[in-house]
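Here the structure is laid out as structure tokens; the discussion comes afterwards.
Below is the structure:
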């Protein structure tokens, strides 16, 4: 390789000053005859401390002048090349005219005996050794970078279970020298073996209960725990909006989960997934405001997105049934899951009533609550034909009379609870769906779909896919 004249001259200067320093057994000659900056003085002292520990003090005089002491023994007794530290010293000395005025030299005895010098030298040496030879994986990773940058996931964040969500990366394991990496795991699911029958308990069919959770009610969780369906076959999924109310709901939910899923509890659920939304939901405080006609399109579009995000994230290859349950449902039969599944329908919805205090009767009473389960009417179809592409039909409002047959008004408190009726629209208060319906592509449209949205749009989409929705007007 070619060496330039400047680099050769620098090398000679470094060798010259290094020989003089070593021959004199100390750096005092350099310190006393050249005006060094304080920083340069510290570097020089550290270099001397590092090299004097391995250099034999007897190599002086003629031995030094003959070149026997010109090498650095840090790299071994046969290495005769000047160290990089010596080059730094030579560079600083050659640049002495650019440095500040000289300062008083440190006493030779102090330089030789002060233990701080050796401590600093040892620390510097350890730092360089760690910097060059430390394993990069032992350094903690930064979880997130600046805004807009991608998240860095460490190995502990990687998917390690065959049933883990497919949103985490597969990180290759570290291999020893000569070791061959095993092929990545391949999990086979025979979807034809996933049964969806009218006897879900007898066939050990998995149920996924999904709840969009804006507020947490203790009665909701108490009712959920009382379900008689085997809890080891039930997986729970929640999606909670961000914000102060969402934070409170998350905290309250986690407190109940810790008690229910405690190791001492033998009636634990199979799994629980909690999602937090990225976007704020429309702020609608009171029940009257939430059900106002003007707020329905925006509110239900946001609810559709939340339902879809929750569904697409939690639906697994072994799920047989999906039960949608609103967070304000505080009372159901304990046998709700098996009762609905026993009808063996792709989509089935019970009737939902609300308990309230009747001032006229001066006692507790019940009244219809969910008006989104209905049979279509010619009037509603005529209204839809006159609407623009972005307009939606809503049920239960006097301003938009559709004259549909509402299942809420088909109820007979003393009637047969197994009575079935065909439905064109369904509500999501309590909705049991075969997982195959969702796998076929039926989701909750956040946009007008045949002038319908959310759960009513879901029923229409399922109909287009060949499924039929049913209702149980006498099952509450």
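In my numbering, the protein residues as written are 1262 to 1737. Just so it is clear, CB atoms sit at the ideal spot from N, CA and C, and this is done for glycine as well. Predicted model only: the values in this text are computed from it and were never measured.
Residue environment: residue 1725 is assigned as exposed (fewer than 16 neighbouring CB atoms within 10 Å of its CB, all protein chains considered).
Per DSSP, the continuous alpha helix (DSSP H) segment holding residue 1719 begins and ends at 1715-1725.
Of the candidates 1514, 1682, 1640, 1682 places its Cα closest to the Cα of residue 1604.
The DSSP-derived three-state label of residue 1468 is strand. Along the length of the stretch 1678-1708, whole alpha helix (DSSP H) runs at least 4 residues long occupy 1696-1700, reported in chain order. Listed in chain order, the alpha helix (DSSP H) elements of length 4 or more contained wholly in the stretch 1610-1686 are 1639-1647. Taking C-alpha positions only, residue 1588 is separated from residue 1475 by approximately 8 Å.
Taken atom to atom, the span from the alpha-carbon of residue 1455 to that of residue 1583 is near 14 Å. The straight-line gap separating the alpha-carbon atoms of residue 1731 and residue 1492 is approximately 26 Å. Listed as beta-bridge partners of residue 1582 by DSSP are 1468, 1695. The residue from 1729, 1629, 1645 with its alpha-carbon nearest to that of residue 1614 is 1629. Exclusion of the five residues before and after residue 1688 leaves 1631, 1633, 1634, 1716 as the residues of its chain whose Cβ lies within less than 6 Å of its Cβ. Residue burial annotation: residue 1640 is exposed, with fewer than 16 other C-beta atoms found within 10 angstroms of its C-beta. The Cβ-Cβ distance between residue 1581 and residue 1532 does not fall below 7 Å. The distance from the Cβ of residue 1535 to that of residue 1728 is about 29 Å, inconsistent with a contact at the 8 Å cut-off. Three or more Cβ pairs closer than 8 Å define a contact, and the stretch 1517-1533 falls short of that threshold against the stretch 1668-1679.
Taking a cut-off of 8 Å on C-beta distances, the stretch 1568-1580 does not touch the stretch 1657-1669, as fewer than three cross pairs fall below it.
Contact check for residue 1606 against residue 1707 fails: the beta carbons are separated by 7 Å or more.
Taking C-beta atoms under 8 Å as the contact rule, residue 1468 and residue 1450 fail to qualify, at a distance of about 18 Å.
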